[in-house]
Amino acid sequence: MELAGAAIHDEPATQERHPKLPCCGIRHETASLHEERPLIKRLQLWLGAVFFLFASDPARAKSIWDFQEPVTPVARDSMAASVDFLHIIMGIYVVVFAIFAYSIFKHRKSSGAQPGTFTGPGSRRQWVLTILPFLLLIYIDYIMMGIPAFHAIAKMEDTRTAAEMTIKVTASQWKWQYEYPEENIRFVSSIATSQDQIHGRAAKGEHYLQEVDHPLVLPTGKKVRILLTSTDVIHSWWVPSFGVKRDAVPGYLREAWVKIEKPGTYRGQCAQLCGDGHAFMPIVVEAVEEPQFREWVAQKKAAGTAVAAAAEKVWSREELMAKGGEIYNRICIACHQAGGEGVPGAFPALAGSKIVNGPFLDKEGRLIKDGHLDRVMNGKPGTAMQAFKNTFSDVEVAAIVTYERNSFGNHLGDMVQPSQVKALR
Amino acid sequence: MTEAIAAVKRDRPPAGIMRWLTTTNHKDLGILYMSFGFIMFFIGGAFIMAVRAELLFPGLQLLAPAMYNQLFTLHALIMVFGAIMPFATGLNNYLIPLMIGAPDMALPRVNNWGFWILPFAAVLLLTPFFLQFFGVGSGATGAGWVMHNTSLDLQSGAGMDFAIFTIHLLGISSLSGAINVVVTVLNMRAPGMTLMKMPLFVWAWLITAFMLILAMPVFSAAATMLLTDRHFGTHFFDAANGGDPILLQHLIWFFGHPEVYIVLLPAWGLIPQILAAFSRKPVYGYRAQVYALWAICFLSFLVWAHHMLTSGLPLAAEVYFMYATMAISIPTSVLVFCWLGTIWRGAMTFETPMLFALGFVAHFGMGALTGLILPDVAVNAQYHNSYVIVSHFHYTFFGGGIFGMMAAAYYWLPKFTGHMFDEKLGRLHFWLTTIFFNMTFIPQWFAGLDGMPRHTADYALRFAAMNFISSVGAFLLGLSQLLLVYIVVKCVRSGPKATGQVWEDAQGLEFTLPSPPPYHTFETPPVVK
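Chains as they are written, first to last, in this note's numbering: chain A, 1 to 425; chain B, 1 to 529.
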C-alpha cells in the first residue's frame, strides 16, 4: 500500500491549505490568521503524523482535515468554516481534558490525596470561574461560530441573485437526468463502471464508481442555478468540491447554485439512501471555459437533431440489436442481470418472461396494457421499473425492446421501429 | 400460623423457568431486561461485523447491496431499541426501587407485560430477515433505522411492514415502562426521600420517562401513517398523490432527536454517581445537573430539523434550527463541568467502572463537540449523510451510551450477582474497547471529510485505506466484547463474595442491602434523613 511517507507529504499540504480565499471579508481574516498560527500548524503536523496511516493518497497533497478541493465560493466558505470550527472544538477539547487529565494524575488516592467535600462553587472567585466558561461558550457558539455561519448560509441559499443560467436535475433510481431548459438539451447520466470491476472480475479503474457515461457539462465563471427534483424516492445531489449537497425530493423543486472557478472534472455521488443502487449513482461534472461550453451545447443540439432524424429512418434488426445490447449492458443489467435471469424475489427475469414473449401491440397498432413495449415505455408503478419513455429516445426504446425479444433464449424474431415508438408516445 | 406460612410461600419465587415467565418482581424483570439487552447487543454487533467485512475492500465481495442495506438497518434498530434501551430499562427496574426505598415498581404486572413484549418484537423484526434464506419474501427492511426514505417504495417489501409492527410493539413496551417509572418515582419514595434527594440516576430516568411518553407516540403514529400509505390507499407521504415526503422526515425526527437523549440520559444520570464513588466525594452541582437534564429534555424537542438541513428548508428555519441546536451545548457543558467538579480534588482509584465512566466522559466529549459544528448549515452540507455523521453519532451512542451502560454494569454487577468480577480482565476489557473503538471511528471521520457518503455497500478507491483500518478496528472491537461475556458469566457463577457496600465509598440505599439483595426489599420503607 502507498501508506509510507504520507506524514512527510502532509507538510507541504498544510502550507498550501488556504491558498486564496474568495472576496468574503471574514474569511480573508481567518485565512491570514491561519498563516500566523505556528502552534496550530505544528499541532496539525503532529496530528497529521499520528494519523499518517490514514492518508490514503499522498499525491493529492491535501490535509486529511480538508474537504475535497473547493472550487466554488460556497465550498471555500464551508471548508474554511469547517477547518476553523474543528480548530475551535479541538482547542476546547484539549483545554477541558487537560484539566481532567491533571485531576486524574494529581487527585489519586495512591498519591495520598485527601478528598474534598464541596458540592458547588463556594467563594465569589469560584462562582466567577464557574460562570466564565459558559459565557465563553455562548460567545464561541453565537459570535465566533454563529456569525460566520449565518453569512455562509445566507450566501448558500441565495440561488437566484445574478444567476446566469439554470439547469434542472431529475433523480431517479439510480441515475441522474440533466436538463438545460434554455438550450432544450436533456440527457441521462448513469454509472459507467463495469459490473466486472464491481464484482472483482476486472481490475478497478482510477475513477472506480465515480465515472458516468454522460457527464454534466457546466461553464466556469458563471453562476448556475440548479433545480432539483426526483421521480421516485428522495435522492441527494452531492459534489464535495462544490460544497453542494441538496436533496432531490419527489413532488418538489429544490434549489442550489454553483459558480465554478476552475476548469476540471469534479466527482460526487448520491448521498441519500435510495435503495439497492444507492452506491452506484455517481455524479461527474466537467467544468469548461465558456467558449468550449458553447461548442458543447452546439454539438449536443446537433446530436439531438440527429436523434430525431434517426427516429424517422427505418432501422434494420441488426442495427437495433447492436444498439439494444449496448443499452442493456449499461442500464437494464443492474436489475435484470447479464443473462436476463433477474434476481428472484426482487427483479423479474426477462429470459422466458411472459411479458417479453407476449404480443405488445393490438390489431389497431395500440399499446397492449402491461405488454412488453408498454412496460418499457410506461414502467410499473411502485417498482424500480420506471417509465423509460421519459429518459430514452425513440431509437433507444425500439432497440432495447427488440434486443430483449431476441436475447436470453427469447426468439420472437420480431422488432419495433423507432417511428412506431414515436407515434405511441 | 397458616397465614404466615402462606406469606412465606408467596415470598419465594417458583422454581425454574416459571419464575422467569411469571415474575412481577422488579429485580427479576431487571435481570430479564438486562439479559435481553446484552444478547441483542451481540446480535446487532454480529450484523455490523458483516457490514464492515463487506467494506474491508472496495468492490462487492460478500453481500448484495439489498442484503447490505438490511444489515445496517437491523444493526441500528437492534442496538438502539434492542440493546441500549432495554439495558437502561433493566437498570431502572432493578435500581430505582432500591434507590428510592420502595418495595417494588408501582405497576408490577404492567412491568412484566412491558418486558415480555420485547422478545416478540425482536422475533417480528428478524423473521423476514431469516425467511429470505429459505426463499420466502425479500428480507427485512433496508430503509435505515429512521426509515424516512425508501419506506414508501413497495419494493422494500414486507420487511418494512414487519418493522412497522415492531415499532408498535416497542412503543407499547417503552410507554408502559415509562409510565411505571413516573408512577413509581412520584408515589413510592421512602419517607424523607424528597425529589431533590433522589440519586441523579433516578432523576435522569424520570426525565427520560417523560421524553418517552412525549416522543414515542409520534413515532408510532408516523409508522402507522406509513402503513396506511403503503397498504390502505392514504397519501400522507406520497408525492405522486399530493402527499409530502418531507412530512415523514419531520415526524420521524421529532421523535428521533429526543430518542438520542432517551438513549443518553440514563447514562448521564449514573456517570456522576460512579465518578463520585471512586473520587470519594459527593456529587458536584447536583441541582445544576437536575436543571440541566430538564433543560436538555425541553430543548431536545425543539431541534429535530437539524437532521434534515439538506432537505431544502426555508432559510429562516435553517437559521432557527442551527441556533437552537447550539443552545443544547450549554446545559450539556453544565453536565461536563459538574463531572469535572465531581472528580476535582477527590481521592481517585481506577477500578473498571471508574475507567468506563472516565472513558465515557472522554468519548462523549468528542461526540458532543463534533455535534457543536454539525448544525452549521453550510458546513452541514458537507457533513450530512457522510461518514462524518456515522463517526459523530457513534461517539455519542457507543462512546456515550454503551460506555455508560458498561460503567453501570461493572458498578452494580457485584450487587446483582453477589460476586466480585475479575478486576484485571475488566480493565483489559476497558482498554481493548477504548483502543479499538477509536481505531474504528476516527478513520470514519476522515473518510467523511474526504467525501465518503454513508449507507453505501461499495466505495471509490480514495476511501480504501480509511475503510480498511476502520474494518480491522471493528473486528477487534467486536472480538474484545467476547471478553465481556466471559467476565459476566464468570462473575455470575463464582468469584470472591461481594460485601453489601461493594465499593469503598459507594453511596445510596442499594448499598445498605446485602449483595445480592434478598428477593423482597424495603417492605418496610427505610427512613431517609
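Beta carbons: idealized from backbone N, C-alpha and C, even for Gly.
Proximity winner among A:72, A:110 and A:84, relative to residue 280 (chain B) (alpha-carbon distances): In the second sequence, the residue the question calls residue 280 (chain B) occupies position 280. Checking every option, the nearest Cα to that of residue 280 (chain B) belongs to A:110.
Is any beta-carbon of chain A found at less than 9 Å from that of residue 453 (chain B)? Residue 453 (chain B) sits at position 453 when you count from the first residue of the second sequence. Closer than 9 Å to some Cβ of chain A, the Cβ of residue 453 (chain B) qualifies, so yes.
Whose CA, out of B:238, B:212, B:244 and B:224, lies closest to the CA of residue 262 (chain B)? Along the second sequence, one-based indexing puts residue 262 (chain B) at 262. For the residues B:238, B:212, B:244 and B:224, the minimum Cα distance to residue 262 (chain B) belongs to B:212.
Min CB distance residue 109 (chain A) to chain B below 9 Å: Numbered from 1 along the first sequence, position 109 holds the residue referred to as residue 109 (chain A). By this cut-off, residue 109 (chain A) is an interface position.
Could you tell me the alpha carbon to alpha carbon distance between residue 502 (chain B) and residue 514 (chain B), rounded to whole angstroms? Position 502 of the second sequence, counted from the start, is the residue given in the question as residue 502 (chain B). Position 514 of the second sequence, counted from the start, is the residue given in the question as residue 514 (chain B). C-alpha separation (whole angstroms): 9 Å.
If I measure Cβ to Cβ from residue 120 (chain B) and keep anything under 7 Å in the same chain, skipping five residues before and after, which residues do I get? Counting from 1 along the second sequence, the entry for residue 120 (chain B) is found at position 120. Closer than 7 Å at the Cβ level, and outside the excluded window around residue 120 (chain B), lie 169.
How many angstroms separate the CA atom of residue 264 (chain A) from the CA atom of residue 281 (chain A)? As a working mapping, residue 264 (chain A) is identified with position 264 in the first sequence. As a working mapping, residue 281 (chain A) is identified with position 281 in the first sequence. Cα-Cα distance, rounded: 20 Å.
With 8 Å as the C-beta to C-beta threshold (strictly closer), list the residues of the region 201–222 of chain A near chain B in chain order. 204, 206, 207, 208, 209 and 210
Using the three-state DSSP reduction, which class does residue 145 (chain B) fall into: helix, strand or coil? Taking the first residue of the second sequence as 1, we reach residue 145 (chain B) at position 145. Here residue 145 (chain B) sits in coil by DSSP.
Own chain residues within Cβ distance below 8 Å of residue 614 (chain B), not counting five before or after: There is simply no residue 614 (chain B) to check, as chain B begins at 1 and stops at 529 in what is shown.
How far does the alpha helix (DSSP H) with residue 320 (chain A) in it extend, from its first residue to its last? Here residue 320 (chain A) refers to the residue found at position 320 of the first sequence. Unbroken alpha helix (DSSP H) run through residue 320 (chain A): 317–327.
Please return the same chain residues whose Cβ sits closer than 8 Å to the Cβ of residue 210 (chain B), not counting the five positions on each side in sequence. To locate residue 210 (chain B), count along the second sequence from 1; it is residue 210. The residues are 178, 182 and 297.
Within its chain, find whatever has a CB closer than 7 Å to the CB of residue 106 (chain B); leave out the 5 residues flanking it on each side and keep chain order. Counted from its first residue, the second sequence places residue 106 (chain B) at position 106. Hits under 7 Å: 180, 183, 184, 187 and 188.
Strictly under 9 Å for the Cβ-Cβ distance: is residue 286 (chain B) near chain A by that measure? Within the second sequence, the letter at position 286 stands for residue 286 (chain B). So, interface residue.
Which same chain residues end up closer than 6 Å to residue 462 (chain B) when comparing Cβ atoms and leaving out the 5 residues on each side of it in sequence? Residue numbering aside, residue 462 (chain B) sits at position 462 when the second sequence is read from its first letter. Correct list: empty, nothing qualifies.
Of all Cβ atoms in chain A, is any one closer than 9 Å to the Cβ of residue 61 (chain B)? In the second sequence, residue 61 (chain B) corresponds to position 61, counting from 1. Output row for residue 61 (chain B): interface = yes.
Residue 524 (chain B) at chain A interface by Cβ criterion, 9 Å: Here residue 524 (chain B) is taken as the residue at index 524 of the second sequence, counted from 1. No, residue 524 (chain B) lies away from the interface with chain A (no Cβ there is under 9 Å from its Cβ).
Exposed or buried, what is residue 130 (chain B) when buried is set at 16 or more other beta-carbons lying within 10 Å of its beta-carbon? As a working note, residue 130 (chain B) is residue 130 in the second sequence. Residue 130 (chain B) comes out exposed.
Can you find a CB in chain B that lies within less than 9 Å of the CB of residue 33 (chain A)? Mapped onto the first sequence, residue 33 (chain A) falls at position 33. With a pLDDT of 39 at residue 33 (chain A), under the threshold of 50, the modelled position of this residue cannot be trusted; read the value that follows with caution. With 9 Å as the cut-off, residue 33 (chain A) does not count as an interface residue toward chain B.
Does residue 114 (chain A) pass the burial test, meaning 16 or more other C-beta atoms within 10 Å, or should it be called exposed? For this step, residue 114 (chain A) is matched to residue 114 along the first sequence. Label assigned to residue 114 (chain A): exposed.
Own chain partners of residue 399 (chain B) with C-beta closer than 6 Å, once the 5 adjacent residues on each side are dropped: Counting from 1 along the second sequence, the entry for residue 399 (chain B) is found at position 399. The residues are 363, 364 and 367.
Compare the C-beta of residue 532 (chain B) with all C-beta atoms of chain A and state if any pair is closer than 9 Å. Because chain B here runs from 1 to 529, residue 532 (chain B) falls outside it and cannot be looked at.
List, in chain order, every chain B residue whose beta-carbon is nearer than 8 Å to that of residue 119 (chain A). Walking along the first sequence from the start, residue 119 (chain A) turns up at place 119. Those are 282, 283, 284, 285 and 286, listed as they occur along chain B.
Is residue 222 (chain A) helix, strand or coil by DSSP? For this step, residue 222 (chain A) is matched to residue 222 along the first sequence. In this structure, residue 222 (chain A) counts as coil in the three-state DSSP scheme.
Kindly examine the ligand MG and report whether one of its heavy atoms sits closer than 8 Å to the Cβ of residue 339 (chain B). The model on display carries no ligand, and the ligand MG is accordingly not part of it.
Note down, in chain order, each residue of its chain lying with its Cβ closer than 8 Å to the Cβ of residue 203 (chain A), except the 5 sequence neighbours on either side. As a working mapping, residue 203 (chain A) is identified with position 203 in the first sequence. Closer than 8 Å at the Cβ level, and outside the excluded window around residue 203 (chain A), lie 197.
Please go through the same chain and pick out, in chain order, the residues whose beta-carbon is closer than 6 Å to the beta-carbon of residue 180 (chain A), but skip the five residues on each side of it. On the first sequence, residue 180 (chain A) is found 180 positions in, with the first residue counted as 1. Cβ within range, chain order: 167.
Sub-9 Å separation of residue 200 (chain B) and residue 112 (chain B) beta-carbons: If you number the second sequence from 1, residue 200 (chain B) lands on position 200. If you number the second sequence from 1, residue 112 (chain B) lands on position 112. The answer is no: Cβ separation not under 9 Å.
Cβ pair residue 391 (chain B), residue 451 (chain B) closer than 9 Å: The count along the second sequence starts at 1 and reaches residue 391 (chain B) at position 391. The count along the second sequence starts at 1 and reaches residue 451 (chain B) at position 451. No. Outside cutoff.
From the DSSP secondary-structure annotation, give me the bridge partner or partners of residue 178 (chain A). As a first step, residue 178 (chain A) must be located in the first sequence, where it is residue number 178. The partner list for residue 178 (chain A) (beta bridge, DSSP) reads A:169 and A:187.
What residues in the region 146–162 of chain A have a beta carbon less than 8 Å from any beta carbon of chain B? 146, 149, 150, 152, 153, 154, 155, 156 and 157
In terms of residues, what are the limits of the alpha helix (DSSP H) holding residue 84 (chain A)? As a first step, residue 84 (chain A) is located in the first sequence; it is residue number 84 there, counting from the start. From DSSP, the alpha helix (DSSP H) with residue 84 (chain A) extends over 73–106.
How would you list, in chain order, the residues of chain B whose beta-carbon sits under 9 Å from the beta-carbon of residue 85 (chain A)? Your numbering for residue 85 (chain A) matches position 85 in the first sequence. In chain order: 372, 373, 376 and 379.
For the region 373–381 of chain A against the region 297–305 of chain A, are there 3 or more C-beta pairs whose distance is under 8 Å? no
Can the beta-carbon of residue 266 (chain B) be found less than 9 Å from the beta-carbon of residue 93 (chain B)? The residue you call residue 266 (chain B) lines up with position 266 of the second sequence. The residue you call residue 93 (chain B) lines up with position 93 of the second sequence. It is not a contact, given that the beta carbons lie outside the stated cut-off.
Does any CB atom of chain A fall closer than 9 Å to the CB of residue 110 (chain B)? Translated into the one-based positions of the second sequence, residue 110 (chain B) becomes position 110. No, its Cβ sits nowhere closer than 9 Å to a Cβ of chain A.
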